[in-house]
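If you read the protein sequences in the order shown, they are chains S and R. Letter by letter, the first sequence follows residues 1 to 380 in full-length UniProt numbering. Letter by letter, the second sequence follows residues 1 to 380 in full-length UniProt numbering. Positions of the beta carbon are idealized from the N, C-alpha and C atoms, including for glycine. Please read these numbers as outputs of a predicted model, since none were measured by experiment.
2 protein chains.
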Amino acid sequence: MGTGHGIQQGGHPNRLWWRSRSDDRSGPFEHKEYSYSMMIDTPAVLIDRERLTANISRMAAHAGAHEIALRPHVKTHKIIEIAQMQVDAGARGITCATIGEAEIFAGAGFTDIFIAYPLYLTDHAVQRLNAIPGEISIGVDSVEMAQATAGLREDIKALIEVDSGHRRSGVTATASELSQIREALGSRYAGVFTFPGHSYGPGNGEQAAADELQALNNSVQRLAGGLTSGGSSPSAQFTDAIDEMRPGVYVFNDSQQITSGACTEKQVAMTVLSTVVSRNVSDRRIILDAGSKILSTDKPAWIDGNGFVLGNPEARISALSEHHATIFWPDKVLLPVIGEQLNIVPNHACNVINLVDEVYVREADGTFRTWKVVARGRNN
Amino acid sequence: MGTGHGIQQGGHPNRLWWRSRSDDRSGPFEHKEYSYSMMIDTPAVLIDRERLTANISRMAAHAGAHEIALRPHVKTHKIIEIAQMQVDAGARGITCATIGEAEIFAGAGFTDIFIAYPLYLTDHAVQRLNAIPGEISIGVDSVEMAQATAGLREDIKALIEVDSGHRRSGVTATASELSQIREALGSRYAGVFTFPGHSYGPGNGEQAAADELQALNNSVQRLAGGLTSGGSSPSAQFTDAIDEMRPGVYVFNDSQQITSGACTEKQVAMTVLSTVVSRNVSDRRIILDAGSKILSTDKPAWIDGNGFVLGNPEARISALSEHHATIFWPDKVLLPVIGEQLNIVPNHACNVINLVDEVYVREADGTFRTWKVVARGRNN
């Protein structure tokens with residue numbers, strides 16, 4: 001056995017060296033030699049700081065060039081340090097999906113938070129919202145909930161969600177409810193927002209951005225004013241002429257973003273480090289210890305496999321159990337041995353982050369640190 | 001608005017009453033009136049204690065009748081209280097998927113733990129295994145790892161994983177490696193195990209149980225002895241003539257188990273309580289606040305939808321975002337209103353449990369308690 005495969009001659013397992021074999025690995029760790037050994041129990045989530053920083057800068061530059069305020073969605077990462085990097089790069093504020101996420105980020109000092117979700121306002125939800133310091137705004141897409149905002153602190157604003165083609169939540173820009181909601185919100189009304197989720201899929205970004213612009217503009221025209229807030233990572237490059245955008249996944253990128261045309265493989269900043277635990281040479285099948293309990297199983301019909309090996313896109317995960325990934329290894333590439341470590345690019349980064357309590361961050365100088373996923377599991 | 005929909009006339013949200021409307025809900029909460037109000041922030045995982053107890057008893061009775069030792073897999077629930085119920089019902093010990101799970105359950109006093117996984121034995125893994133008190137056994141499916149067990153405490157046993165048709169990890173019962181692994185294990189060898197995962201799917205259970213029996217028997221015949229350990233929830237009812245079985249999901253059941261023929265809807269003990277946050281009357285579309293970050297997205301090709309509404313199997317989730325479930329509501333049933341609560345039967349219970357830190361348990365007398373998911377996220 002060669003070095004780096006974890007087995008010494010005597011049969012005792014060696015410390016794992018976090019390194020790559022040049023024949024079939026690349027990515028954040030490509031062509032780099034490390035002067036130290038490091039042991040990470042796999043599976044584990046890795047972040048490459050240089051790529052993360054570049055992704056944050058690139059989106060901030062796009063927003064700046066188009067004079068769109070950036071309010072990134074922190075549900076993707078749920079990590080204070082990353083949200084701070086986004087604000088330091090010029091973000092106006094942050095976007096959350098739940099009251100629980102907003103509580104965490106407000107507690108860490110973030111003072112301008114939009115919960116871009118049509119919250120159901122129970123008494124408890126109202127109490128919790130009223131207790132969050134800073135500038136808070138929420139989403140509303142029904143007359144009932146517009147009326148229910150009456151219990152909220154006066155300075156909490158509301159944006160009306162409109163549907164720009166994703167057909168999920170949100171009222172249509174032409175519906176009579178739109179004006180009724182606006183009326184019920186009174187002075188709380190701040191504008192309209194949409195999530196152009198139909199941007200996901202190969203080549204969908206441009207049309208989704210056009211739909212978004214039309215839905216937002218039609219809405220504020222009908223309502224005689226208000227902020228327009230939109231944005232998704234796949235449509236972001238085509239977004240223009242709206243007031244604010246709320247992309248999320250762009251900080252990490254993932255297989256969905258690559259396939260949607262939003263990034264390249266070299267812009268993927270988050271991977272799942274895994275170990276080959278089993279192999280079948282005649283079938284060219286290997287089994288990794290990263291399963292659905294860390295990779296999640298998000299798999300739209302337009303994606304092949306449940307993630308792929310970084311630097312080796314043909315090596316796709318054909319099946320995922322809770323603690324096993326099955327890969328039928330490409331013929332032209334040397335079959336990995338037991339103990340070898342592979343970096344997996346997941347299909348959907350947001351669901352991966354929500355499965356771990358901390359991530360390992362590789363700094364530009366080669367050192368590592370960990371960050372806590374402080375808002376993990378804050379589903380309500 | 002009627003009662004129970006969370007809205008008072010004045011527009012202020014009311015406390016949610018956890019109750020069902022008789023027209024379109026059933027299940028654990030069917031035809032029951034509660035004399036109290038209870039507020040649970042949704043989405044949340046609910047366990048019905050009566051059904052849980054019945055599921056545990058039923059599997060214990062089957063195992064007892066066939067003289068098969070029961071070693072349930074705790075990765076399904078990751079909850080101490082449930083593992084204790086299983087042991088109290090006669091389980092020989094428990095099965096874990098990872099060292100981290102074994103550490104948690106050993107720390108809670110469980111003394112007979114099989115980690116049914118072909119672990120990669122790093123130095124750190126060996127240290128951790130050696131520190132777990134009690135009777136510990138692990139899985140092995142390669143000569144390399146059989147040799148690497150030399151670093152383990154002498155009383156830690158190993159079972160060889162064989163592939164009975166699932167084509168994941170495990171050696172084939174006829175492979176030359178089988179004897180080589182047995183030889184390398186020496187006195188640590190305790191038997192063979194398999195996971196007949198090809199039991200998942202409509203009508204697959206019986207054939208998978210037959211394949212399992214053949215693979216296990218062939219293996220111990222070649223190896224001149226040893227324990228035979230198998231079992232999965234869908235094949236369990238057909239399992240006979242092996243020494244030990246390790247089903248997991250049967251405690252809760254889920255949409256996969258129903259479709260695989262392993263249970264009925266009335267035997268589902270775990271649901272996700274969710275709230276209708278948005279509706280589109282003309283499309284008959286409702287949006288729930290339970291998304292992929294609590295329901296997970298496990299969806300085999302032979303399952304329709306990403307879970308369904310308890311008591312209303314035609315109401316299936318057609319799309320899942322992180323915090324939204326989209327349901328196109330059946331024509332014959334009254335469209336739920338905003339604020340209404342629905343219980344969702346997920347496709348795969350094991351991945352749901354791993355997304356929450358606690359569950360709500362409804363006792364037989366109608367009171368509630370919470371249990372901690374102590375082994376959540378223990379992926380390594």
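Item to check | Boundaries (first-last residue) of the beta strand (DSSP E) holding S/E135 | outcome: Here residue 135 of chain S is taken as the residue at index 135 of the first sequence, counted from 1. E135 to V140 is the span of the beta strand (DSSP E), which, as asked, contains S/E135.
Item to check | Residue burial classification, S/R369 (beta-carbon count within 10 angstroms, cutoff 16) | outcome: In the first sequence, residue 369 of chain S corresponds to position 369, counting from 1. Exposed: under 16 other Cβ atoms inside 10 Å.
Checklist entry - Taking the Cβ atom as the reference point for each residue, do R/G170 and R/E161 lie within a distance shorter than 9 Å? => result Mapped onto the second sequence, residue 170 of chain R falls at position 170. Mapped onto the second sequence, residue 161 of chain R falls at position 161. Taking 9 Å as the Cβ cut-off, R/G170 and R/E161 qualify as a contacting pair.
Checklist entry - Is it the case that the CB of R/A208 approaches a heavy atom of the ligand MG more closely than 8 Å? => result The ligand MG is absent from the structure shown, which contains no ligand whatsoever.
Item to check | Residue-level contact to chain R via CB, S/E144, 9 Å cutoff | outcome: If you number the first sequence from 1, residue 144 of chain S lands on position 144. Yes, because at least one Cβ of chain R sits closer than 9 Å to the Cβ of S/E144.
Checklist entry - Using a Cβ-Cβ distance under 9 Å, would S/V162 count as near chain R? => result Translated into positions along the first sequence, residue 162 of chain S becomes position 162. Closer than 9 Å: no.
Checklist entry - Is it the case that the Cβ atoms of R/W329 and R/R285 are separated by a distance below 9 Å? => result Reading the second sequence from its first residue, position 329 is the one you call residue 329 of chain R. Reading the second sequence from its first residue, position 285 is the one you call residue 285 of chain R. For R/W329 and R/R285, yes; Cβs fall inside 9 Å.
Next on the checklist: Relative to the C-alpha of S/I242, which candidate in S/N312, S/H62, S/I327 and S/A131 has its C-alpha closest?
Outcome noted: Counted from its first residue, the first sequence places residue 242 of chain S at position 242. Nearest of S/N312, S/H62, S/I327 and S/A131 to S/I242, Cα basis: S/H62.
Next on the checklist: With a threshold of 9 Å between beta carbons, is R/N354 in contact with chain S?
Outcome noted: For the purposes of this step, residue 354 of chain R is taken as residue 354 along the second sequence, with counting starting at 1. It does: the Cβ of R/N354 has a partner Cβ on chain S nearer than 9 Å.
Checklist entry - What residues from chain S crowd round R/T275, counting only those whose CB sits closer than 8 Å? => result If you number the second sequence from 1, residue 275 of chain R lands on position 275. In chain order: Y120.
Next on the checklist: Strictly below 7 Å CB to CB, what residues from chain R border S/D211?
Outcome noted: Position 211 of the first sequence, counting from 1, holds the residue named residue 211 of chain S. By Cβ distance, chain R contributes nothing, its closest Cβ being about 17 Å from S/D211, past 7 Å.
Next on the checklist: What would DSSP say about S/Y189, mapped onto helix, strand or coil?
Outcome noted: Translated into positions along the first sequence, residue 189 of chain S becomes position 189. Of the three classes helix, strand and coil, the one that applies to S/Y189 here is strand, per DSSP.
Checklist entry - Can you name the residues that DSSP bridges to S/E340? => result Mapped onto the first sequence, residue 340 of chain S falls at position 340. Beta-bridge pairing links S/E340 to no other residue.
Checklist entry - Between the Cα of R/A290 and the Cα atoms of R/A301, R/D283 and R/P346, which residue gives the shortest distance? => result Numbered from its first residue, the second sequence carries residue 290 of chain R at position 290. That would be R/P346, whose Cα lies nearest to the Cα of R/A290.
Checklist entry - Name the chain R residues that come within less than 7 Å of S/T42, Cβ to Cβ? => result Taking the first sequence and counting its residues from 1, the one referred to as residue 42 of chain S is at position 42. N380, listed in chain order.
Item to check | Alpha-carbon to alpha-carbon, S/R168 and S/A236 | outcome: By 1-based counting over the first sequence, the position of residue 236 of chain S is 236. By 1-based counting over the first sequence, the position of residue 168 of chain S is 168. The alpha-carbon atoms of S/A236 and S/R168 are separated by roughly 19 Å.
Checklist entry - At least one CB of chain R closer than 9 Å to the CB of S/H77: is that the case? => result Position 77 of the first sequence holds residue 77 of chain S. No, S/H77 does not count as interfacial toward chain R.
Item to check | Bridge-paired residues (DSSP) for R/K372 | outcome: Locating residue 372 of chain R in the second sequence gives position 372, counting from the first residue. Note: R/K372 sits in a beta bridge opposite R/E358.
Next on the checklist: Taking the beta carbon of S/K75 as the centre, do at least 16 other beta carbons fall within 10 Å, making it buried, or is it exposed?
Outcome noted: Numbered from its first residue, the first sequence carries residue 75 of chain S at position 75. Label assigned to S/K75: buried.
Checklist entry - Would you call the CB atoms of R/S142 and R/E177 closer than 9 Å? => result As a position in the second sequence, residue 142 of chain R is number 142, starting the count at 1. As a position in the second sequence, residue 177 of chain R is number 177, starting the count at 1. Closer than 9 Å, so yes.
Next on the checklist: Need the endpoints of the alpha helix (DSSP H) that R/I56 sits in, please.
Outcome noted: Numbered from its first residue, the second sequence carries residue 56 of chain R at position 56. Its alpha helix (DSSP H) spans residues R49 to A65.
Next on the checklist: Counting C-beta neighbours from all protein chains within 10 Å, is the total for R/N354 16 or more, i.e. buried, or is it exposed?
Outcome noted: Counted from its first residue, the second sequence places residue 354 of chain R at position 354. Classification for R/N354: buried.
Checklist entry - When we look at the beta-carbon of R/R279 and count the other beta-carbons within 10 Å, is it buried (16 or more) or exposed? => result The sequence position of residue 279 of chain R within the second sequence is 279, counting from 1. Under this definition R/R279 is a buried residue.
Checklist entry - If we count the other Cβ atoms within 10 Å of its Cβ and call it buried at 16 or more, is S/V359 buried or exposed? => result Here residue 359 of chain S refers to the residue found at position 359 when the first sequence is read from its first residue. So S/V359 ends up on the buried side.
Checklist entry - Taking a cut of 9 Å between CB atoms, which residues from the stretch 187-210 of chain S lie near chain R? => result F195 and G197
Next on the checklist: Is there a C-beta anywhere in chain S that falls below 9 Å from the one on R/S233?
Outcome noted: Residue 233 of chain R sits at position 233 when you count from the first residue of the second sequence. Answer no: the Cβ-Cβ gap between R/S233 and chain S never drops below 9 Å.
Next on the checklist: Under 8 Å: do the stretch 145-159 of chain R and the stretch 176-190 of chain R share three or more Cβ pairs, one atom per stretch?
Outcome noted: Yes: the two stretches touch, three or more of their Cβ pairs being nearer than 8 Å.
Item to check | Bridge partners - R/L46, DSSP secondary structure assignment | outcome: Counted from its first residue, the second sequence places residue 46 of chain R at position 46. Per DSSP, R/T271 and R/Y360.
Checklist entry - For the alpha helix (DSSP H) that R/A146 lies in, which residues bound it at each end? => result Taking the first residue of the second sequence as position 1, residue 146 of chain R is located at position 146. Start and end: V143 to A148.
Item to check | Simplified DSSP assignment, three categories, for S/T239 | outcome: Taking the first sequence and counting its residues from 1, one reaches residue 239 of chain S at position 239. Under the three-state reduction of DSSP output, S/T239 falls in the coil class, being neither helix nor strand.
Checklist entry - So, is R/N130 buried or exposed, given that buried needs 16 or more other C-beta atoms within 10 angstroms? => result Position 130 of the second sequence, counting from 1, holds the residue named residue 130 of chain R. The residue in question, R/N130, is exposed, as its Cβ has fewer than 16 Cβ neighbours within 10 Å.
Checklist entry - Once you ignore the five residues that flank R/S137 on each side, which residues in its own chain have a CB closer than 8 Å to its CB? => result Residue mapping note: residue 137 of chain R aligns to position 137 of the second sequence, counting from 1. The answer, listed in chain order, is I113, F114, I115, I156, K157, A158, L159 and A190.
Checklist entry - What residues match up with S/V162 in a beta bridge as DSSP calls it? => result Sequence index remark: in the first sequence, residue 162 of chain S carries index 162 (1-based). Bridge partners of S/V162: S/V171.
Checklist entry - Along chain R, which residues have their Cβ under 8 Å away from the Cβ of S/S169? => result Within the first sequence, residue 169 of chain S is the residue found at index 169, counting from 1. Near S/S169 (Cβ distances below 8 Å), the residues of chain R are V277, S278, I287 and H324.
Checklist entry - In or out: R/K299 buried (at least 16 other Cβ within 10 Å) or exposed? => result Locating residue 299 of chain R in the second sequence gives position 299, counting from the first residue. It counts as buried.
Next on the checklist: To the nearest angstrom, how far is the alpha carbon of R/P313 from that of S/E363?
Outcome noted: Walking along the second sequence from the start, residue 313 of chain R turns up at place 313. Walking along the first sequence from the start, residue 363 of chain S turns up at place 363. When rounded, the distance between both Cα atoms is 50 Å.
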